[in-house]
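Report on the following structure.
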Amino acid sequence: MSHYFLQPGYIYVPDQAVDISTVIGSGVSICIYDREKKIGGMNHYQFPYIAVKGKTTSLYGNVSTSLLIRMMLEQGASIRSLEAQIYGGAVQPENQDEDVGRDNIEMARKILLKHKISITSQDVGGEKGRKVVFNTRSNDVAVLKVDRLRDIDWYPYQ
């Protein structure tokens, strides 16, 4: 099975079975899976919504999540057989005034609810960063929590 490392601001919906991994802190990754077609995709965004018109990128949850759903449908998925898992949204202890993590989690939930996609699993909030590995064929997810994201956590994907 092949492996793909998902960087912040990216979305990946492969046409074959792949283990997709990412490292997240206050950002959020959503894994979407079609139960009938046995296909999956994943995004990784850092901010909940676009603040400046004309700067539309998948770094923003409202853009990224909508694109992930659209890409899944373009691969032949059916909206009625999609389910989602949400990961990330950690609080940044050095920036307690703004809770970007919480806002990222809420954006994920809002977009999924709008599309009537059920959330079957989530590991969100807290103060720990996460390494997430998603198998797009089986819908299995492994989550490793770390106190602090270090350069070595990105290995061997630097």
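For what it's worth, the working numbering labels the leading residue of the sequence shown as 460, then goes sequentially.
Glycine included, every Cβ here is placed at the ideal spot set by N, Cα and C.
Keep in mind that this is a model prediction, so the values were computed, not measured.
Nearest residue (CA-CA) to residue i, options the options
i: residue 521; options: 531, 513, 534 and 507; result: 507
i: residue 536; options: 500, 568, 545 and 504; result: 500
i: residue 545; options: 529, 524 and 557; result: 524
i: residue 463; options: 469, 578 and 479; result: 479
i: residue 468; options: 460, 519, 513 and 564; result: 519
Residue burial classification, residue i (beta-carbon count within 10 angstroms, cutoff 16)
i: residue 511; result: exposed
i: residue 567; result: buried
i: residue 465; result: buried
i: residue 547; result: buried
i: residue 474; result: exposed
i: residue 513; result: exposed
i: residue 571; result: buried
i: residue 579; result: exposed
Residues sharing a beta bridge with residue i, DSSP
i: residue 478; result: 462 and 594
i: residue 505; result: Residue 505 is not bridged to any residue.
i: residue 519; result: 506
i: residue 488; result: 503 and 546
i: residue 603; result: 590
Whole-angstrom distance between residue j and residue i, CA atom to CA atom
i: residue 599; j: residue 549; result: 22 Å
i: residue 488; j: residue 539; result: 21 Å
i: residue 471; j: residue 504; result: 12 Å
i: residue 532; j: residue 516; result: 20 Å
i: residue 439; j: residue 502; result: The requested residue 439 is not part of the displayed model; the chain covers only 460 to 617.
i: residue 593; j: residue 534; result: 18 Å
i: residue 543; j: residue 576; result: 7 Å
i: residue 605; j: residue 551; result: 13 Å
i: residue 557; j: residue 582; result: 20 Å
i: residue 495; j: residue 541; result: 9 Å
i: residue 602; j: residue 584; result: 13 Å
i: residue 565; j: residue 559; result: 10 Å
*Touch check for the stretch 579-598 and the stretch 477-491: three-plus C-beta pairs under 8 Å?*
As far as the Cβ criterion goes, the stretch 579-598 touches the stretch 477-491, which means the pair count is three or higher.
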